[in-house]
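Q: For the sequence shown, the residue numbers in the working numbering are 154 to 556.
Idealized CB from N, CA, C, for every residue including glycine.
All values derive from a computational prediction rather than experimental measurement.
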Amino acid sequence: MTVSSLWGCATFRRVSLVLAVDSFSSWMLVAAIPLVVATRFGAGAELVGSLALRLLPGILLAPFVASLLQRVGPRLPILCAFSATALAIPGLAFAPDTLTLQAIVVVIGVADAVVTPGLLALRSAVVPAGRNMEANTAFQAIDRFAKILGPPAAGLLIASTSMPVTLLALAFAQLAAAFLLMFEPAGMPKQRKPAPSGGPTFAREVVAILRETPLLRALLLPAFGYMVSLGALQPFLIWLNRDQFHQGPEMWTLLLGAQGAGALIGAFVSHRLAGALTQTQSLLRAYLVASLLEGLSTFALIFAPNHLVASGLLIVGGIPEMIAFATYFTLVQRLLPLERQTMLYALTLPLMDVFLIVGILSGALHASGLMTLSQFWLFASACAVLPVLPFLRWRTGDRQGET
Numbered sequence: 154m155t156v157s158s159l160w161g162c163a164t165f166r167r168v169s170l171v172l173a174v175d176s177f178s179s180w181m182l183v184a185a186i187p188l189v190v191a192t193r194f195g196a197g198a199e200l201v202g203s204l205a206l207r208l209l210p211g212i213l214l215a216p217f218v219a220s221l222l223q224r225v226g227p228r229l230p231i232l233c234a235f236s237a238t239a240l241a242i243p244g245l246a247f248a249p250d251t252l253t254l255q256a257i258v259v260v261i262g263v264a265d266a267v268v269t270p271g272l273l274a275l276r277s278a279v280v281p282a283g284r285n286m287e288a289n290t291a292f293q294a295i296d297r298f299a300k301i302l303g304p305p306a307a308g309l310l311i312a313s314t315s316m317p318v319t320l321l322a323l324a325f326a327q328l329a330a331a332f333l334l335m336f337e338p339a340g341m342p343k344q345r346k347p348a349p350s351g352g353p354t355f356a357r358e359v360v361a362i363l364r365e366t367p368l369l370r371a372l373l374l375p376a377f378g379y380m381v382s383l384g385a386l387q388p389f390l391i392w393l394n395r396d397q398f399h400q401g402p403e404m405w406t407l408l409l410g411a412q413g414a415g416a417l418i419g420a421f422v423s424h425r426l427a428g429a430l431t432q433t434q435s436l437l438r439a440y441l442v443a444s445l446l447e448g449l450s451t452f453a454l455i456f457a458p459n460h461l462v463a464s465g466l467l468i469v470g471g472i473p474e475m476i477a478f479a480t481y482f483t484l485v486q487r488l489l490p491l492e493r494q495t496m497l498y499a500l501t502l503p504l505m506d507v508f509l510i511v512g513i514l515s516g517a518l519h520a521s522g523l524m525t526l527s528q529f530w531l532f533a534s535a536c537a538v539l540p541v542l543p544f545l546r547w548r549t550g551d552r553q554g555e556t
């Protein structure tokens with residue numbers, strides 16, 4: 154289907170709206186959970202553990218989720234996951250101890266394990282023909298716009314009302330996303346037929362994808378390194394805000410928002426580049442260079458003398474981050490058919506979470522006193538930069554990168 158305007162496609166608009174509501178509430182929750190933990194149970198091991206536990210179900214449930222999405226399609230599982238999240242979120246405010254709170258976090262993580270690959274599958278299915286780069290830029294812009302407003306909104310709402318009221322609002326937002334997805338416009342992806350019993354297993358299919366498309370290595374290895382850095386960023390910003398800038402705990406949400414502001418600027422840059430980035434080689438080069446620049450700019454955070462300079466550096470780092478995201482998904486959509494995209498996401502999203510957890514847990518190196526804050530952030534930044542370097546000289550013609 155070809156449309157004169159990206160927003161002229163009804164299914165694209167509907168999925169984009171669902172994504173907007175979910176992204177906004179998710180970024181508010183990203184900011185709220187550390188505040189709940191830090192204010193009630195401490196900002197050391199309890200904080201690191203809670204951040205990691207939300208990601209663990211996505212790793213353990215990956216094969217089951219992949220099979221579920223293939224058999225029934227993404228829409229019904231996402232609806233159930235939105236509802237489960239809405240029921241779980243308010244309980245965070247009333248958890249009597251760390252164990253109960255972390256159990257609730259795990260429930261939210263189980264729902265995330267379904268929502269994240271499910272929304273990616275919906276996104277791929279509703280992109281108008283020939284509009285991949287524009288559509289992926291739009292999707293990333295929605296998420297990063299939510300990242301600008303969501304965390305500060307969470308901090309402001311908590312400060313002006315209370316934590317229970319804020320969490321209740323987030324629960325209603327999840328129900329709103331489910332309500333929007335219930336109404337299915339024409340063209341929404343339908344239920345898939347179950348794979349034949351003699352078909353390839355999940356593991357064999359994924360191995361075949363990676364073997365037949367070696368260019369994916371140039372996408373995945375830098376992405377894994379970036380996820381380590383991204384996982385480390387959350388506790389790092391909390392500690393940077395508290396120990397180096399001596400600000401109140403709610404102020405760390407402004408740092409998250411600053412990174413989102415940079416990504417929103419990056420969305421405009423990415424949109425302008427969409428016409429020029431039409432070849433696989435140019436997309437790959439843009440992805441690698443943007444990943445390198447993002448890693449270098451965020452490393453400079455450790456030298457920031459105050460909150461304002463740190464916000465500026467996060468804005469600068471968010472610009473190439475957006476370009477990297479848009480080119481990553483565009484390359485995946487170019488290299489693989491939709492069915493194989495779903496399989497790849499089902500494998501790589503849990504792996505991304507593994508590396509994200511590694512980054513979060515690496516915060517224990519600082520929390521335990523083994524590393525200074527500067528040394529910790531040097532380690533995290535190296536994880537983002539070093540995996541990019543071997544691929545900078547790759548050319549798509551040198552290997553069989555396209556299918």
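1) Give every residue of the same chain whose Cβ lies closer than 8 Å to the Cβ of G512, excluding the five residues on either side of it in the sequence, and list them in chain order.
2) To the nearest angstrom, report how far apart F194 and T251 are at their CA atoms.
3) Beta carbon of P230, beta carbon of A499: below 8 Å?
4) Assuming Q559 is part of the alpha helix (DSSP H), what are its boundary residues?
5) Hey, quick one: how far does the alpha helix (DSSP H) through H460 stretch, first residue to last?
6) Give a yes or no on whether the C-beta atoms belonging to Q412 and G465 are separated by under 8 Å.
7) Report the rounded CA-to-CA distance for S315 versus L518, giving the unit in angstroms.
8) Leaving out five residues on either side along the sequence, give the residues of the same chain with a beta carbon under 6 Å from the beta carbon of V171.
9) Where Q400 and S313 are concerned, what is the direct C-alpha to C-alpha distance, given to the nearest angstrom?
10) According to the Cβ coordinates, are I295 and S176 closer than 8 Å?
11) Note down, in chain order, each residue of its chain lying with its Cβ closer than 7 Å to the Cβ of A348, except the 5 sequence neighbours on either side.
12) Start and end of the alpha helix (DSSP H) containing D506?
13) Does the distance from the CB of P151 to the CB of P375 come in under 8 Å?
14) Is C536 helix, strand or coil when you go by DSSP?
15) Residues in the same chain with beta-carbon distance under 6 Å from I418, minus the five sequence neighbours each way, listed in chain order, please.
16) Leaving out the 5 sequence neighbours to the left and right, which residues in its chain are closer than 8 Å to L489 when beta-carbon positions are compared?
17) Could you please give the first and the last residue of the uninterrupted alpha helix (DSSP H) stretch that includes V434?
18) Beta-carbon separation of T406 and P304 under 8 Å?
19) How many whole angstroms separate the CB atoms of P317 and P243, which I take to be in contact at a CB cut-off of 8 Å?
20) If contacts are defined as beta-carbon pairs under 8 Å, then A479 and T319 qualify, I think. What distance do you get, rounded to the angstrom?
21) Quick one: residues in its chain with C-beta nearer than 7 Å to the C-beta of L545, no 5 flanking neighbours on either side, listed in chain order?
22) Residue range of the alpha helix (DSSP H) that L273 falls in?
23) With distances taken between CB atoms, is the gap from A246 to Q327 smaller than 8 Å?
24) When you compare the CB positions of M475 and S423, do they come within less than 8 Å of one another, or not?
25) If you follow the alpha helix (DSSP H) that M181 is in, where does it begin and where does it stop?
26) Ends of the alpha helix (DSSP H) at L542?
27) Please state whether DSSP places M404 in a helix, a strand or coil.
28) Sorted by chain position, which residues of the same chain lie with C-beta nearer than 7 Å to V218's C-beta, five sequence neighbours on each side aside?
29) Verify whether the separation of the beta carbon atoms of V258 and I186 is less than 8 Å.
A: The answer reads as follows:
1) Once the five neighbours on either side are set aside, the close Cβ partners of G512 are M380, V381, S382, L383, G384, A385, L386, A533, C536.
2) If I take the Cα positions, the gap works out to 7 Å.
3) No; because the gap between Cβ atoms is not below 8 Å, this pair is not in contact.
4) Any property of residue 559 remains undetermined from this structure, which presents the chain solely from 154 to 556.
5) 460-488 is the extent of the alpha helix (DSSP H) around H460.
6) Contact flag unset, no.
7) The straight-line gap from Cα to Cα measures roughly 33 Å.
8) Excluding positions up to five away in sequence, the list reads A330, L333, L334.
9) Going from the Cα of Q400 to the Cα of S313 covers about 18 Å.
10) In contact: I295 and S176 (Cβ atoms closer than 8 Å).
11) Low per-residue confidence applies at A348: pLDDT is 43, beneath 50, and the placement is therefore not dependable, though the value from the model is reported in the following sentence. In its chain, beyond the 5 residues on either side, Q223 have a beta carbon closer than 7 Å to the beta carbon of A348.
12) Taken as a continuous stretch (DSSP letters only), the alpha helix (DSSP H) holding D506 covers 491-514.
13) This structure does not reach residue 151, given that the chain is present from 154 up to 556, and the question cannot be answered.
14) C536 sits in a helix when the DSSP states are folded into three classes.
15) For I418, where only same-chain residues beyond five positions count, the Cβ hits under 6 Å are I472.
16) Answer for L489: I362, T366, L497, T556, listed in chain order.
17) First, the amino acid is wrong: residue 434 is Gln here, not Val. Residues 433-452.
18) Contact check for T406 against P304 passes: the beta carbons are separated by less than 8 Å.
19) The distance from the Cβ of P317 to that of P243 is about 7 Å, consistent with a contact at the 8 Å cut-off.
20) In this structure, A479 and T319 do not form a Cβ contact; the two beta carbons are roughly 31 Å apart against a cut-off of 8 Å.
21) Apart from the 5 residues on each side of it in sequence, L545 sits with its Cβ closer than 7 Å to the Cβ of L441 in its chain, given in chain order.
22) In the DSSP assignment, L273 falls within the unbroken alpha helix (DSSP H) covering 251-278.
23) Between A246 and Q327, the gap from beta carbon to beta carbon reaches 8 Å or more.
24) Yes, Cβ-Cβ distance for M475 and S423 is below 8 Å.
25) Annotation for M181: the continuous alpha helix (DSSP H) segment containing it runs 163-193.
26) From DSSP, L542 is part of no alpha helix (DSSP H); its letter is neither H nor E.
27) DSSP, reduced to helix, strand and coil, places M404 within a helical segment of the structure shown.
28) Here the set comprises A266, V267, P270, A499.
29) Going by C-beta atoms, V258 is nearer than 8 Å to I186.
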